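Residue numbers (UniProt numbering), protein chains in the order written: chain A, 1 to 476; chain B, 1 to 476; chain C, 1 to 476.
Okay, structure first, notes after.
This is the structure we're talking about:
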């Protein structure tokens, strides 16, 4: 028997649970994919001729899920082509290293995604190893060279209904518009972190690009806010329905205007300290929330509580996104209170719509499920990053379902840079949800028809609702 | 097949586990209910003629478990009759909204309790929905209008052995005494929060009521302490065996006397700040603990770690208990150390008996189970509020059983305002415990007879021991 | 049927899972025991004539897992012989109390170990109780009096390949050398806490012993550091491969040299305050890490986040290790960053090898698995103390396997003072791992051969790798 993923993949062995899980999963088979948050480069879909160059580029170089674990076992990132330009590493050698160490992914979410992707998409029938590395490389390469494996062809094959990318305010949105013009619904997401975190090394550079794209001079915080306001409108016109924000802390609260301008002036002079920069960011996030609540209705995603680039030597050498972002404890209850008091109760107008993502699982039952189970505008985002795994998803469902209920969640998003892994990630989510619902059916906690309703919501409809995505016809 | 709760409700489907769970659960069938902590209004049992007026009053208006989730999905609380006087809302319309949205409770603890309550107590055989809302309303109303559904009749039907209410020191205890006189063991619990939290808007009013009920003038902290001491004695005479305390922080430590009086004087003048108020509260809690340990032996319940009334706009509009109390992280290990050092070791006399309740599940294995597995006077309270659910109970049992053991817990309490839901809540607890014990039997971790012993303890005896409740004959 | 531990002990009842678990467990049957961290007194193995004196000495007096729980139920420690000299308590009476209360251990890890130890090692066939207490005492005593039950005989019987003890820098290492000379691989572990925590009551005394053993005068911090450096070399020569450190906080960062010497001088004068002592300790730990990374390659074990001797009255009366060490929350992400930035990235030379142990389970998924899944030198230590239980091990495996993978763990260590319980502890670990792997096989997450590979790693090889223990022939 070959390496494969059987029909009952990820289901409990207990026969009744397995049968119902399969029935629930089966109903999602014809549903398209809603991908409302991720990091696929929009250029891939803008150009009808775009192709993936080779297996190492497709599966290793840009996927920190993959290379992080290899690094942890002593493998140099550079040998995998990570952080070095094309041409300065050997893709075949990198691939060999990856296959020799493929056993490291046994039982991990990355291992499961790769198994699904390699078997389903490329027809690989053996687990990668030192022995078969080259044969698998050639098999994938042969596929990539055909028109059936262009990003656009895969977009249709995967039944993607909508794909949201993540974009800086200063980014060009023409790739999205070109894709849309040809019938591929690729929409941007407004992610202004790089402009709100004034201690980032590239802050000034980004500011200059924003000045160029808005044809404005940004000398005060107020100028920045207006420029962002303008770009939010441009994003919305390009189809955006959401913003996204990542910050180290949960602290979102306004400052007096004079104080904001004072801090911004310090930032421009390069004289702001970390504590001041954090307060300025907290104010700026509050302003972005206000724009969502009072002006443009963009759904606000918050991804909070991470120490970015924890490994400073590696960051200095190879830059960010090296798998060295490490979560830390946060306080959602008190950190969000000013924001929720300003925009969270319907008596103050339509409440701000927010989707909250955490990497601190202990906050689900302590803080996030109670918040989402109370405030009308609050939804819980999918388990994310280190947690989009079989057990991560199960713990998430366990933690949020009783207090917040699935109705106050935002369904699933794949959050990936790895375009070709999108169906695998949704399949793992759907299978784990199906199995989890089936367990409830067989304990008498859910009726079968209730489980069917919740299955469809989790697989598709909740994401559409949460991100205010109206259904569109698929490209044909 | 109708809507129901079968014999094997909440048990695992694995046949051996299910059979043993049923056997264990069955043994509790004849046991009465010990309800040592809750919020039923004592007046319900004081008056032989008391009745529940209508289904909306019974099931919706006063149950924040129910209306919280409806609010989270955008339903106005006022439309459910919450926070508005009888006569200013339409009970039938509120009921219709509730039934239309009943699917929101699928898989939640509230949904399970309602299923048990509606099917077992009222004979409802269909899940509520828009279609059958009025029919169900009428069916319940008809029952409520009969003598079999008075609170006193239900007290007997439910086999309640003892029901503890929660009462302020300034409250009148005659309802308890009237109920007791007629053979219904309804006892008060001493809950002085409103007098110890000097920044509450109604603090002065409560103080005045305490002055009236004790016929004392309270000008210093020492006067307050003496008045509370007197009321503790009155509570004890009325059958109380416990006190209850809720505070935002775990910080219980004494101050020098002069400092206490200085802070109290500031509080009286309305000039105390939050940090000072918190220190004064920490001292006052220490004094209450001292009275328990050295004077009256009342068991001290601590419910700590909540941001009350998180949604300030809602609080301003409708008051407290609106489902907007959100837990936050606390530090039991260091917060309780002064108290445990003063009263926790038997070498200092009989140790203070305490029951600790948390809403931060991460503290169970990190702090609370180690504390309860060491200090003789410390017991862990039942999973509470957001956690008296199938999974909440299972996580609790998993978290406390290995380090603290069930022997250092306080069994179950239903903590409810909803009198008619009491048997449902105890049934869910007992079924989940039975299933959990059965799993252990079939892994060889427990012998069957050990599981039987632990079943009876959890269902009944531990609560009686923890709250020092001597058995009494039931009313007949 | 007697009291026993069947072949399928601790396995799930589902037949497929059970069968595969048994197959996986069976493969470990012939493997020896690696015990790389524990607290067995080395003298036990130094002397060929050493014997265990009686059952109370063997099983109760020195095992805080056992007496902690009895104390929590109101039993005086002194009545169990805890903290009192031999001759000042009655071993038979202590044993009777233990057996009368043996039911308290139902379902606990201690109960499972005792069941394995009593049935397998001593042939006891009934669960201890008041009724059979004396008979069991005599049965064990009879065994202890035979040559088959000397520590050395048991060492061979248990197939211990290597046993690491925990030793202070000032300790005499000749017991280890005597054991080794006779073919028993007993190695020390360098644990300098007592010299780095300057507020300990016995600090000066330890310092004096270190001066004596190194024949140095220690007047400055630099003298202390050099003395420790010398002792690390002596430990290494005696076979040590690791150091061990316990601290209340995760804070390991260097100070300027002048500041270090200032603090050390204050410590010598007895004038240092707790905050200063903590900073000095943080610096001293950083120096120990530097020695590991740059000089001697000893693996650094960190056991952090505990409030030691929480019950001060008990501590004053009976001393430490009374079961009153209570964990508290810690911040690994930010606390370890200075250390990892100094020694964690391979670009700075071979990375420091560390094994991290936590008592705050919420840090596994939030902090520790991401750290170990990134940094090459970081491994996660086994679930420890309150967590070396069936559920503790399962939660650990769940929490670390997806993000860090088992490859970045250090396998198992028994961490025990109770020499005779070593096989029982390893058996529980191996059985729970086997069952956990089997569950994954039957959900399609692992192939059977992958599970076999991970089983062997977890049972034996990972510990050897993590602690740099080269295989040695067993004594024969």
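Idealized CB from N, CA, C, for every residue including glycine.
Note that this is a predicted model, so its numbers are computed, not measured.
I'd like to know if residue i contacts chain B, where contact means its C-beta is closer than 8 Å to some C-beta of that chain.
i: residue 278 of chain C; result: no
i: residue 243 of chain C; result: no
i: residue 476 of chain C; result: Any reading at residue 476 of chain C needs caution, since the residue's pLDDT is 46, under 50, leaving its predicted position unreliable; the model's value is listed next. No, because no Cβ of chain B sits closer than 8 Å to the Cβ of residue 476 of chain C.
i: residue 366 of chain A; result: yes
i: residue 8 of chain C; result: yes
Compare the C-beta of residue i against all C-beta atoms of chain C and say whether one is closer than 8 Å.
i: residue 383 of chain B; result: no
i: residue 460 of chain B; result: no
i: residue 323 of chain A; result: yes
Determine the contact status of residue i and residue j, defining contact as a CB-CB distance below 8 Å.
i: residue 407 of chain C; j: residue 311 of chain A; result: no
i: residue 170 of chain B; j: residue 206 of chain B; result: yes
i: residue 411 of chain C; j: residue 462 of chain C; result: yes
i: residue 276 of chain C; j: residue 268 of chain C; result: no
i: residue 77 of chain A; j: residue 322 of chain A; result: yes
i: residue 83 of chain C; j: residue 401 of chain B; result: no
i: residue 235 of chain C; j: residue 173 of chain C; result: yes
i: residue 326 of chain A; j: residue 333 of chain C; result: yes
Between residue i and chain A, is the shortest Cβ-Cβ distance under 8 Å, so that the two count as touching?
i: residue 292 of chain C; result: no
i: residue 11 of chain B; result: yes
i: residue 181 of chain C; result: no
i: residue 348 of chain C; result: yes
i: residue 328 of chain B; result: yes
i: residue 103 of chain C; result: no
i: residue 411 of chain C; result: no
i: residue 275 of chain B; result: no
i: residue 331 of chain B; result: no
i: residue 217 of chain C; result: no
i: residue 150 of chain B; result: no
i: residue 454 of chain C; result: yes
i: residue 371 of chain C; result: yes
Using DSSP's beta-bridge definition, name the partner residues of residue i.
i: residue 247 of chain B; result: B:304
i: residue 441 of chain B; result: DSSP lists no partner for residue 441 of chain B.
i: residue 164 of chain A; result: A:187
i: residue 354 of chain B; result: B:300 and B:378
i: residue 409 of chain C; result: C:380
i: residue 35 of chain A; result: A:163
i: residue 316 of chain A; result: In DSSP, residue 316 of chain A forms no bridge with anything.
i: residue 326 of chain B; result: B:307
Return no unless some Cβ of chain E is closer than 8 Å to the Cβ of residue i.
i: residue 392 of chain A; result: Here chain E cannot be found, since the structure's protein chains are A, B and C.
Contact between the region 298–313 of chain C and the region 348–355 of chain C is defined here as three or more beta-carbon pairs at a separation below 8 Å; is this criterion met?
yes
Under 8 Å (Cβ pairs) to chain A, residues found in the region 16–39 of chain B:
none
Name, going along the chain, the residues of the region 333–346 of chain B whose beta-carbon falls closer than 8 Å to a beta-carbon of chain C.
If the cut-off is 8 Å between Cβ atoms, the region 333–346 of chain B has 333, 334, 337, 340, 341, 344, 345 and 346 near chain C.
Name, going along the chain, the residues of the region 298–320 of chain B whose beta-carbon falls closer than 8 Å to a beta-carbon of chain A.
307, 310, 311, 312, 313, 314 and 317
Anything in the region 53–74 of chain B with a Cβ closer than 9 Å to a Cβ of chain A? List those residues in chain order, please.
68, 69, 71, 72, 73 and 74
Please list, in chain order, the residues of the region 420–447 of chain B that have any C-beta partner in chain C closer than 7 Å.
440, 442, 443, 444, 445 and 446
Given 8 Å, three or more beta-carbon pairs between the region 331–349 of chain A and the region 246–258 of chain A
yes
Select from the region 241–271 of chain B all residues with a C-beta closer than 7 Å to any C-beta belonging to chain C, and list them in chain order.
none
Counting Cβ pairs, one atom from each stretch, are 3 or more of them under 8 Å apart for the region 24–34 of chain C and the region 423–435 of chain C?
yes
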